[in-house]
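S.K.: Residue numbers (my numbering), protein chains in the order written: chain A, 18 to 325; chain B, 10 to 426.
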Amino acid sequence: MLIYALVAGVLFGLYFSLVGIGLNLVFGVMRIVNLAHGDFLMLGAFVAFGVVTLAGIDPLFAVPLAFVIFVLVGLLLYRVLVPRLQGSVNPEMLSIILFFGLSQVIEAITTIFAGTSERSIQSRLLGTVFSTINVKFFGGKPGGAGPISILGQGFPAPWVIAAVTSLIAIAFVYVYLYRTRLGTLTRAVMSRRDEALATGIDVDRVSAAAFGIGLGLAAIAGVFAPFMFGSVTPAFGADATVTSFAIVVLGSLGNPLGTALGGVVYGVCYMLVQTYLSSWADLLPYVLLIFILLLRPSGLLGRRVRVA
Amino acid sequence: MLKVTGAALIAGLAMATQAMAADAPAEIKIGTLYASSGRFASISMPVYSALKLWANQKNADGGVYVKAFDKKIPVKLVAYDDQSNTATASTLYNQLVTQDKVDLLVADSGSVLTAPAATIARDHKMFLFDQTGTGASFFSKDNPYIALMSDPVSTIWPKPVADFVSHDGPELGIKKIAILYSTNEFTGTQANAFRKFVKDSGAPIEIVYDQGVPTETTNYTVIINNINNTQPDAVFHFGYAPNDIAFLRNVQDVGIKFKMLFCIYPGLETELLEKNVGIKGLEHVFTYVPPSELDYKVNFGMNMKEYKAAWDKAYPEGKIEFGFNAVAGYTTGLIIEKTLSVASSLDQLELRRANFSLSGELKTLDGTFALDEMGGQIGELTPLGQLELDDKNPEKLKFISIYPHETATGKPVYPRP
Chain A
18 MLIYALVAGV
28 LFGLYFSLVG
38 IGLNLVFGVM
48 RIVNLAHGDF
58 LMLGAFVAFG
68 VVTLAGIDPL
78 FAVPLAFVIF
88 VLVGLLLYRV
98 LVPRLQGSVN
108 PEMLSIILFF
118 GLSQVIEAIT
128 TIFAGTSERS
138 IQSRLLGTVF
148 STINVKFFGG
158 KPGGAGPISI
168 LGQGFPAPWV
178 IAAVTSLIAI
188 AFVYVYLYRT
198 RLGTLTRAVM
208 SRRDEALATG
218 IDVDRVSAAA
228 FGIGLGLAAI
238 AGVFAPFMFG
248 SVTPAFGADA
258 TVTSFAIVVL
268 GSLGNPLGTA
278 LGGVVYGVCY
288 MLVQTYLSSW
298 ADLLPYVLLI
308 FILLLRPSGL
318 LGRRVRVA
Chain B
10 MLKVTGAALI
20 AGLAMATQAM
30 AADAPAEIKI
40 GTLYASSGRF
50 ASISMPVYSA
60 LKLWANQKNA
70 DGGVYVKAFD
80 KKIPVKLVAY
90 DDQSNTATAS
100 TLYNQLVTQD
110 KVDLLVADSG
120 SVLTAPAATI
130 ARDHKMFLFD
140 QTGTGASFFS
150 KDNPYIALMS
160 DPVSTIWPKP
170 VADFVSHDGP
180 ELGIKKIAIL
190 YSTNEFTGTQ
200 ANAFRKFVKD
210 SGAPIEIVYD
220 QGVPTETTNY
230 TVIINNINNT
240 QPDAVFHFGY
250 APNDIAFLRN
260 VQDVGIKFKM
270 LFCIYPGLET
280 ELLEKNVGIK
290 GLEHVFTYVP
300 PSELDYKVNF
310 GMNMKEYKAA
320 WDKAYPEGKI
330 EFGFNAVAGY
340 TTGLIIEKTL
350 SVASSLDQLE
360 LRRANFSLSG
370 ELKTLDGTFA
380 LDEMGGQIGE
390 LTPLGQLELD
400 DKNPEKLKFI
410 SIYPHETATG
420 KPVYPRP
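1. Name the chain B residues whose beta carbon is nearer than 9 Å to that of residue 182 of chain A?
2. Would residue 385 of chain B be called buried (16 or more neighbouring beta carbons within 10 Å of its own) or exposed?
3. On the DSSP bridge assignment, give the partners of residue 88 of chain B in chain order.
4. Report yes or no: do the region 44-55 of chain B and the region 130-143 of chain A share at least 3 C-beta pairs separated by less than 8 Å?
5. Using beta-carbon positions only, say whether residue 178 of chain A and residue 33 of chain A come within less than 8 Å of one another.
6. Could you tell me whether the Cβ of residue 133 of chain A comes closer than 8 Å to any Cβ of chain E?
7. Using alpha carbons as the reference points, say which of B:222, B:115 and B:200 lies closest to residue 41 of chain B.
8. What number of angstroms, rounded off, separates the C-alpha of residue 79 of chain A from the C-alpha of residue 233 of chain A?
9. Please name the residue in B:229, B:177 and B:233 whose C-alpha comes closest to that of residue 207 of chain B.
10. Could you give the residue range of the alpha helix (DSSP H) that holds residue 206 of chain B?
11. Assuming contact is defined by CB atoms lying nearer than 8 Å, are residue 400 of chain B and residue 389 of chain B in contact in what I supplied?
12. With distance defined between alpha-carbon atoms, name the residue in B:54, B:247, B:286 and B:155 nearest to residue 224 of chain B.
13. Excluding the five sequence neighbours on either side, which residues of its own chain have a C-beta within less than 8 Å of the C-beta of residue 298 of chain A, listed in chain order?
14. Within 10 Å of its beta-carbon, does residue 308 of chain A have 16 or more other beta-carbons around it, so buried, or fewer, so exposed?
15. Of all the alpha helix (DSSP H) runs that stay within the bounds of the region 128-183 of chain B, which reach a length of 4 or more residues?
16. In or out: residue 146 of chain A buried (at least 16 other Cβ within 10 Å) or exposed?
17. Tell me the residue span of the alpha helix (DSSP H) that contains residue 60 of chain B.
18. Kindly indicate which residue of B:371, B:403 and B:349 has the alpha-carbon position closest to the one of residue 84 of chain B.
19. Looking at the C-beta of residue 263 of chain A, does it have a partner C-beta in chain B at a distance below 8 Å?
20. Please determine, among B:172, B:175 and B:231, the residue with the shortest C-alpha to C-alpha distance to residue 27 of chain A.
21. Kindly say whether residue 163 of chain B, judged by its beta-carbon, lies nearer than 8 Å to any beta-carbon of chain A.
22. Give me the chain B residues within the contact set of residue 83 of chain A, using Cβ-Cβ distance strictly less than 9 Å, ordered along the chain.
23. To the nearest angstrom, report how far apart residue 275 of chain A and residue 45 of chain A are at their CA atoms.
24. Once the 5 residues before and after residue 257 of chain A are set aside, which same chain residues still bring their CB inside 6 Å of it?
25. If distances are taken between C-alpha atoms only, which option among B:412, B:395, B:421 and B:365 comes closest to residue 153 of chain B?
26. Short of 9 Å Cβ to Cβ, which residues in the region 324-353 of chain B face chain A?
27. For residue 316 of chain A and residue 262 of chain A, what's the separation of their Cα atoms in angstroms?
28. The alpha helix (DSSP H) spanning residue 317 of chain B covers which residue range?
29. Could you tell me whether any Cβ in chain B is nearer than 8 Å to the Cβ of residue 120 of chain A?
30. Mind the definition here: the region 174-192 of chain B touches the region 101-119 of chain B only if three or more C-beta pairs lie below 8 Å; say whether that holds.
31. From residue 239 of chain A to residue 50 of chain A, what distance separates their C-alpha atoms?
32. Determine the direct distance from the alpha carbon of residue 215 of chain B to that of residue 64 of chain B, and round the result to whole angstroms.
33. Can you list, in chain order, the residues of the region 267-293 of chain A whose Cβ is nearer than 7 Å to any Cβ on chain B?
34. Show which residues of chain B have a CB atom less than 8 Å away from the CB atom of residue 303 of chain A.
35. For the pair the region 273-281 of chain B and the region 305-316 of chain B, tell me if three or more CB-CB distances fall below 8 Å.
36. Taking Cβ positions only, does residue 63 of chain A come closer than 8 Å to chain B?
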């Protein structure tokens, strides 16, 4: 039971790293709290529903599609919303109100078009592209992949695929932040926004890119939400935002890579609590939040980056 | 003399009728809540939509007959969105009673959102038409202000399931069972009742796993593995629709085949579960047999076939699933209609008396409406059934009624192949 819970926790946690990393990137660069983060995640799930329903293909194809769509949405939203917010006296506080409103609007519009019922995608459809390649080029047998064995125990294939995708996304964020010029500028803005502005960095361009990427990453996480949470409704966003926030604070607010660690710690803790104290499992995000704020307010990987 | 007396009587009667007509309200205000979003939207919207369907149908016909005013009066639904939030629901129930001054109070769907209504109705001495809130704590001898319209009260609902396990289980080889439930009034009560029935039966059944999880749980993989480690002969999961969806999907995903698996919602919201879990994931699952499969003879309102046609006409876009809850909402409408046709005034205790007088007499598409002395529904019992692939159309599922034996349409498939 313990080994199963630990492995499940790592897989689940890696996925939660992906859920939270976009939120942290946006906060790190702009110091604004995107309370609509979970709603973009929900919209990512709807991109996956669209890909499966309209095109009838592997929902994995929704990953690049959702990313591109929501990077563009992010760039557009940034232009419309964020500069005015940054110009206000208290952008952090106002961002909470503004993005809460945006969250409500997104949920309401999605409900009008999609209804309130749970929606899902059959697990066997995820990763069919791999089984097709296996059959065509390696002489494999057709049919669903079934559970994947790790340390002699069976885990859902969608969990493993989601965890691998999360690792790739985290690596992408790392490369972006530490191996590209825009990433270097992004880190400069994250470190000291006013100094970055004074040195001539185009803070607006850097912020817009971070906002777009943040939303894109949320949408990628959303593609896997129907597989990780059983089903998704338009109201799914609020819970996802709370959990993301707990993970971000756990890792380190303002440090996107800390989120990766925060996600894994959250995942492992969640699975252990579900195994040994199942009735209390839903308290975990809040308990972790309180503990981390009391014991290590800067988060597990935190330096002196948080000013909020 | 006789002529004078006759004339006086006629004049008096005419004046009394006029006075009664003048006192009659322009509309009967029925206050209710619905959840357009959140965890309970999928069980709330079908109930609310069905109630709306009933109200529209009646209003198109000039309203409902109200005995208190001896005339047909249109009904007006005063409805607010509680967004599945109990705190919001409390405020809105209060608003319905104190601000809108509704004539009749109807609870939102499910025990979680009925709980605040039960308290508020009692405080304000308003009779609560409880649609599907089956939690046992709502019903007590000292509370005359509530009655359950459409589902069996949770304390007796799982009796056919428990009886099957106790009576037929040992013969089939069921000796060890696992119970998993969501910790809320509805499913918690069902689990408690089921456990008690099994223990009290004295059958040689051992409970090897018995755990509650938060209602918001969306991931059961680790729990399923833990249950599997106890090697149960049968697993009983008591959860709401989203819980059942996640649970059944996770069972499929981890490749574990329990010998017997019972869940509530494959029977109650079959369309919704089929969409989300898939036919393969539901095959051989034990569940409650819904009224739509039993086709009860009715003495009031539409029968199931007519109602389904009316539903499809009213909601052709298919965004709200037709299932147990859609039947429940319409049943509530019928019971309200019948209550108003019997009650001699709109006084809340008179409404209660009228409502209770229907017990055992009223037969709707949901079965026989029968209340116990505390207002718990005891008439609309659902047998235990099993979902199997339809021989004629393997792309569809059909219900096989298993227990009680007198209503059985087939034998259980055990263990699951």
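Idealized CB from N, CA, C, for every residue including glycine.
Predicted model, so just to flag it, every value in this text is computed and none were measured.
M.R.: Answer, in terms of the structure:
1. None at all; the shortest Cβ gap to chain B is about 17 Å.
2. Burial state of residue 385 of chain B is buried, judged by a 10 Å Cβ sphere holding 16 or more other Cβ atoms.
3. B:41
4. yes
5. no
6. Absent here is chain E; the protein component of the structure consists of chains A and B.
7. Nearest of B:222, B:115 and B:200 to residue 41 of chain B, Cα basis: B:115.
8. 12 Å
9. Measuring C-alpha to C-alpha distances from residue 207 of chain B to each of B:229, B:177 and B:233 identifies B:177 as the nearest.
10. 194-210
11. One thing to note: residue 400 of chain B has its Cβ no nearer than 8 Å to the Cβ of residue 389 of chain B.
12. B:247
13. 287, 290 and 291
14. exposed
15. Within the region 128-183 of chain B, the complete alpha helix (DSSP H) runs of at least 4 residues are 168-172 and 178-181.
16. exposed
17. 50-69
18. B:349
19. Not one chain B Cβ lies under 8 Å of residue 263 of chain A.
20. B:231
21. no
22. Chain B residues near residue 83 of chain A: none, gap ~20 Å exceeds 9 Å.
23. 11 Å
24. 55 and 58
25. B:365
26. So the close ones are 326, 327, 328, 329 and 330.
27. 12 Å
28. 313-323
29. no
30. Segment contact: the region 174-192 of chain B against the region 101-119 of chain B, fewer than three CB-CB distances shorter than 8 Å; contact not assigned.
31. 19 Å
32. 49 Å
33. 288, 291 and 292
34. Using a Cβ-Cβ cut-off of 8 Å, residue 303 of chain A is close to nothing in chain B; its nearest Cβ partner there is about 12 Å away.
35. no
36. Cβ-Cβ to chain B under 8 Å: no for residue 63 of chain A.
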